[in-house]
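Worksheet: the structure to be examined is printed underneath.
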Amino acid sequence: MQATRHPTAPAPEPHASTDPAQSAAQRVVKGACPHDCPDTCALRVTVDNGRVVKVQGQPDHASTHGALCTKVSRYPERTYHADRVLHPLKRVSAKGDTPRFERISWQQALSEIGGRLQAIAARNPQAILPYSYAGTMGLLQGEGMAARFFHRLGASRLDRTICASAGGAGLAATYGHKVGMHLRFFAESRLILLWGTNSIASNLHFWTFANQAKRQGAKLVCIDPRKTETADKCHQHLALLPGTDGALALGLIHELIAHDWLDHDYITRHVDGWDELRARALAWTPERTAEECGLTADEVRGLARDYATTSPAAIRLNYGMQRVRGGGNAVRLIALLPCLTGAWRHRAGGLLLSSSGWYAPLRNPTLERADLRGGRPSRVINMSTIGDDLLRPASPDFGPRIEALIVYNSNPVAVAPESPKVVAGFQRSDLLTVVLEHFMTDTADLADYVLPATTQLEHLDIHTSYGHTDVLINEPAVPPLGEARPNTQIFRDLAAAMGLDDPALQENDETLLRQAFGPAVDLQALRSQGWVSLPLPEAPFAQGGFPTASGRASAVGADYLPNYESRRSAPALAARYPLAMISPPARNFLNSSFVNVTSLRDIEGEQLLEMHDSDAHSRGLSDGQTVRVFNDRGSYQCRLQVSHRARPGVVHGLGIWWRKLGLDGRNVNEVTHQQLTDLGAAPCFYDCLVEVSAA
Ligand SMILES: Nc1nc2c(c(=O)[nH]1)N[C@H]1C(S)=C(S)[C@@H](COP(=O)(O)OP(=O)(O)OC[C@H]3O[C@@H](n4cnc5c(=O)[nH]c(N)nc54)[C@H](O)[C@@H]3O)O[C@H]1N2
Ligand SMILES: Nc1nc2c(c(=O)[nH]1)N[C@H]1C(S)=C(S)[C@@H](COP(=O)(O)OP(=O)(O)OC[C@H]3O[C@@H](n4cnc5c(=O)[nH]c(N)nc54)[C@H](O)[C@@H]3O)O[C@H]1N2
Ligand SMILES: [Mo]
Numbered sequence: 001m002q003a004t005r006h007p008t009a010p011a012p013e014p015h016a017s018t019d020p021a022q023s024a025a026q027r028v029v030k031g032a033c034p035h036d037c038p039d040t041c042a043l044r045v046t047v048d049n050g051r052v053v054k055v056q057g058q059p060d061h062a063s064t065h066g067a068l069c070t071k072v073s074r075y076p077e078r079t080y081h082a083d084r085v086l087h088p089l090k091r092v093s094a095k096g097d098t099p100r101f102e103r104i105s106w107q108q109a110l111s112e113i114g115g116r117l118q119a120i121a122a123r124n125p126q127a128i129l130p131y132s133y134a135g136t137m138g139l140l141q142g143e144g145m146a147a148r149f150f151h152r153l154g155a156s157r158l159d160r161t162i163c164a165s166a167g168g169a170g171l172a173a174t175y176g177h178k179v180g181m182h183l184r185f186f187a188e189s190r191l192i193l194l195w196g197t198n199s200i201a202s203n204l205h206f207w208t209f210a211n212q213a214k215r216q217g218a219k220l221v222c223i224d225p226r227k228t229e230t231a232d233k234c235h236q237h238l239a240l241l242p243g244t245d246g247a248l249a250l251g252l253i254h255e256l257i258a259h260d261w262l263d264h265d266y267i268t269r270h271v272d273g274w275d276e277l278r279a280r281a282l283a284w285t286p287e288r289t290a291e292e293c294g295l296t297a298d299e300v301r302g303l304a305r306d307y308a309t310t311s312p313a314a315i316r317l318n319y320g321m322q323r324v325r326g327g328g329n330a331v332r333l334i335a336l337l338p339c340l341t342g343a344w345r346h347r348a349g350g351l352l353l354s355s356s357g358w359y360a361p362l363r364n365p366t367l368e369r370a371d372l373r374g375g376r377p378s379r380v381i382n383m384s385t386i387g388d389d390l391l392r393p394a395s396p397d398f399g400p401r402i403e404a405l406i407v408y409n410s411n412p413v414a415v416a417p418e419s420p421k422v423v424a425g426f427q428r429s430d431l432l433t434v435v436l437e438h439f440m441t442d443t444a445d446l447a448d449y450v451l452p453a454t455t456q457l458e459h460l461d462i463h464t465s466y467g468h469t470d471v472l473i474n475e476p477a478v479p480p481l482g483e484a485r486p487n488t489q490i491f492r493d494l495a496a497a498m499g500l501d502d503p504a505l506q507e508n509d510e511t512l513l514r515q516a517f518g519p520a521v522d523l524q525a526l527r528s529q530g531w532v533s534l535p536l537p538e539a540p541f542a543q544g545g546f547p548t549a550s551g552r553a554s555a556v557g558a559d560y561l562p563n564y565e566s567r568r569s570a571p572a573l574a575a576r577y578p579l580a581m582i583s584p585p586a587r588n589f590l591n592s593s594f595v596n597v598t599s600l601r602d603i604e605g606e607q608l609l610e611m612h613d614s615d616a617h618s619r620g621l622s623d624g625q626t627v628r629v630f631n632d633r634g635s636y637q638c639r640l641q642v643s644h645r646a647r648p649g650v651v652h653g654l655g656i657w658w659r660k661l662g663l664d665g666r667n668v669n670e671v672t673h674q675q676l677t678d679l680g681a682a683p684c685f686y687d688c689l690v691e692v693s694a695a
């Protein structure tokens, strides 16, 4: 299988265009949005006299469709921001104190860091830990060279669970991989369930297709505790309680059975474990389901009827619903719905949570060179429990204490759960922390060394997506600013400084680019058009053929698990902290990225807590007042917004602010916990009880 230019795609633009409307000094460069978002847009970057003046969406890339979100259209503002870190920095103040750094040369930075890492590695390389996530989703500037470096060192490995591993594991347990419907066929659906997704804020280019279906008469139903801007635009909004999605799915299955709305032929041929699931679902009457989910029995019945009797019916599931104890199983139960009704028979029916598994057969598994580890043992640290793990002493179970942390593409001090422990860990004076960054984030503030990294406009990369199925190229538009270097280069330089002489640690970005997919992607087509599409069937599971060992979808063991922290599972805790808190993305930030871009922060205003009028009233709180949000783990202050977007009993701490830009130097993760989900060992950000009082 080879990914090539789509046969119906327009003729490619030349590599650097010579649009007559542009001045002689202007060039247009093909890029890809690097951010952690399902849309992975194709970018058209305009460079004038060596400076990027405009970033736009490529008009002929199907899902980008010439449009960018507000954030990424401001990308030049981020790249040329006055606060960019453009030189290596070394800490000169103690870790609990106001952070102060001095500028040093690359040579000094590399030799000091290299020397300290060598000393630790000589005792036990597993005391060294990489910490990274999806600050860039590029295959090169992500783990491309970093993984080689850490494998060669024999460092601890990081389990990258912070976002999607519960849902990913749920999807893999059900379908065999992270695969689903094609984005474009949502436009032909007659019913779309937008389940745990605020598409208009965080998956805008999906919304275009949903909106097209809506204009052609489709019904749109939003299933989300919060009345989001997406819910405003759907025909119906079901505001269930956080973490009860698995119960809702079982209640729907109950109705499919009761009315015999099942596709028995599809189930017999393509589903394992149906009898067992059927028995479990029969206990979930509409009344019991409604009671668990905080809905009415008629809402449950109506949803089941709509879903079973409208064809084609599609589900856009997103990761918002799996950040709870039972998140993995909830994904399993929801992913089974289109198998029970046979919705998969149609190309506009089925489900999409992630499309990333479609790339797996084409990816070159050796890009990251796990062989460089050479059979040495590898301890695995879960990134979601970094708070606890940084504070853990050496022990036979745990292994060596973490002595060095190298952070890139992530801002754990702001985004990891239970910040009081994360901060205490990063403040350890005996911990060596090196942070590769664009800005002085909360994490960089606690570093020993900060190394200036390039942004997407300054480096080469190649991208996959978890919302569509194209491969994109990102050509550098301008040379690195100041003394910034690509992540790949920083790891090559560190390897050289440490005398690690394996040639794989010196391969350049062009070589890595060729290796990322090998012959499976036509690089010439990729570079001339900017993207290539994977050749995939339109209705992937019309005749079954799931990428499981048996080729059948699996219902074996899928069940509902209530939250760790809820009225039902923890009544004593709920008596003290009666409000369920979720902390979904703010529209104009991307996780904690863009919080320092003034024009975007001005739109968001300040850190907000949305609360229903009745909850505010019973606490004597009023709109606009400063409040303290707290539980046994910690507290933070923010501005109260009495809002119709909140249902009674649920509050929304919109994320993810830089701590230092919060009212009291803290953010929402001060109160979240480090317990892990049922599948995939992910954090439970939206499984969290709090109380709120006047500050
Ligand atoms: N603008 C913007 N876009 C983003 C991001 C961002 O921070 N800002 N983040 C990016 C990232 S990292 C990711 S992983 C993706 C997807 O990121 P997601 O976290 O899936 O983001 P949303 O699509 O906003 O979905 C969250 C929605 O789920 C709802 N929700 C919370 N708890 C529950 C629950 O228990 N059940 C149900 N049914 N719904 C629940 C929230 O109210 C919210 O509206 O988006 C990406 N896109
Ligand atoms: N309470 C709560 N917490 C959450 C969530 C939530 O919904 N609620 N969402 C969770 C989710 S879904 C996710 S994905 C995580 C996200 O957490 P992270 O992956 O840490 O994402 P960001 O906060 O955007 O931080 C990414 C950092 O990478 C840097 N960066 C970007 N590109 C590059 C590059 O090329 N080189 C280098 N060296 N650095 C780069 C950026 O400047 C930025 O500071 O947060 C999680 N935390
Ligand atoms: Mo995420």
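The C-terminal residue of the sequence shown carries number 695 in UniProt numbering, and the numbering is unbroken. Here a beta-carbon is modelled for each residue, glycine too, at the ideal position from N, C-alpha and C.
{"query": "Exposure of T454, with buried meaning 16 or more beta-carbon neighbours within 10 Å", "result": "buried"}
{"query": "Contact test: M383 Cβ vs ligand 1 heavy atom, cutoff 7 Å", "result": "no"}
{"query": "For C638, the residue or residues it bridges with in DSSP", "result": "V627"}
{"query": "Proximity below 8 Å, CB of residue 701 to CB of L367", "result": "Outside the shown range of the chain (1 to 695) lies residue 701, about which nothing can therefore be said."}
{"query": "Residues bridged to H463 (per DSSP)", "result": "L472"}
{"query": "Bridge-paired residues (DSSP) for E483", "result": "None, per the DSSP bridge assignment."}
{"query": "Helix, strand or coil at V92 according to DSSP, with G and I counted as helix", "result": "coil"}
{"query": "Residue nearest to S599 in terms of C-alpha spacing, selected from D39, V28, T70 and R514", "result": "T70"}
{"query": "Same chain only: Cβ atoms within 6 Å of R116, ignoring 5 sequence neighbours per side", "result": "L432"}
{"query": "For L689, the three-state DSSP class (helix, strand or coil)", "result": "strand"}
{"query": "Boundaries of the alpha helix (DSSP H) in which V415 is found, first to last residue", "result": "P412 to V415"}
{"query": "CB contact flag (G350, W358, <8 Å)", "result": "no"}
{"query": "CA-to-CA distance, V380 to P393, given in whole angstroms", "result": "16 Å"}
{"query": "Reference E287, options H254, P99, C37 and L526, closest by Cα", "result": "H254"}
{"query": "Alpha-carbon spacing of T285 relative to R647, whole angstroms", "result": "24 Å"}
{"query": "Unbroken beta strand (DSSP E) run spanning Q212, endpoints", "result": "No beta strand (DSSP E) holds Q212; the alpha helix (DSSP H) holding it covers L204 to R215."}
{"query": "Cβ-heavy atom distance, T672 to ligand 2, below 7 Å", "result": "yes"}
{"query": "Member of R514, Q322 and T46 whose CA lies at the smallest distance from the CA of S680", "result": "According to the sequence shown, residue 680 is Gly rather than Ser. Residue Q322 is the option with its Cα nearest to G680."}
{"query": "Candidates T230, F517 and L337: closest to N364 by CA position", "result": "F517"}
{"query": "Backbone secondary structure at M181 - three-state DSSP", "result": "coil"}
{"query": "Segment contact flag, the region 213-225 with the region 188-205, C-beta cutoff 8 Å, min 3 pairs", "result": "yes"}
{"query": "Continuous alpha helix (DSSP H) stretch holding Y175: start and end", "result": "S165 to Y175"}
{"query": "beta-carbon Y319 near ligand 3 non-hydrogen atom, thresh 7 Å", "result": "yes"}
{"query": "C222 - DSSP class collapsed to helix/strand/coil", "result": "strand"}
{"query": "Boundaries of the beta strand (DSSP E) in which S533 is found, first to last residue", "result": "W531 to S533"}
{"query": "The region 469-477 contacting the region 27-35, beta-carbon criterion three pairs below 8 Å", "result": "yes"}
{"query": "Limits of the beta strand (DSSP E) - the one that N382 falls within", "result": "V380 to N382"}
{"query": "Same chain only: Cβ atoms within 8 Å of T230, ignoring 5 sequence neighbours per side", "result": "L194, T197, N198, S199, I200, A201, W207, C222 and D224"}
{"query": "Between the CA atoms of D260 and F594 - distance to the nearest angstrom", "result": "50 Å"}
{"query": "Helix, strand or coil at D678 [DSSP, three-state]", "result": "coil"}
{"query": "For G655, the three-state DSSP class (helix, strand or coil)", "result": "strand"}
{"query": "In DSSP terms, what Y131 is bridged to", "result": "V407"}
{"query": "Between the CA atoms of L282 and L446 - distance to the nearest angstrom", "result": "53 Å"}
{"query": "Contact test: H438 Cβ vs ligand 2 heavy atom, cutoff 7 Å", "result": "yes"}
{"query": "beta-carbon W195 near ligand 1 non-hydrogen atom, thresh 7 Å", "result": "yes"}
{"query": "Sub-8 Å separation of G560 and L333 beta-carbons", "result": "The sequence given here has Tyr at residue 560, not Gly. Going by C-beta atoms, Y560 is nearer than 8 Å to L333."}
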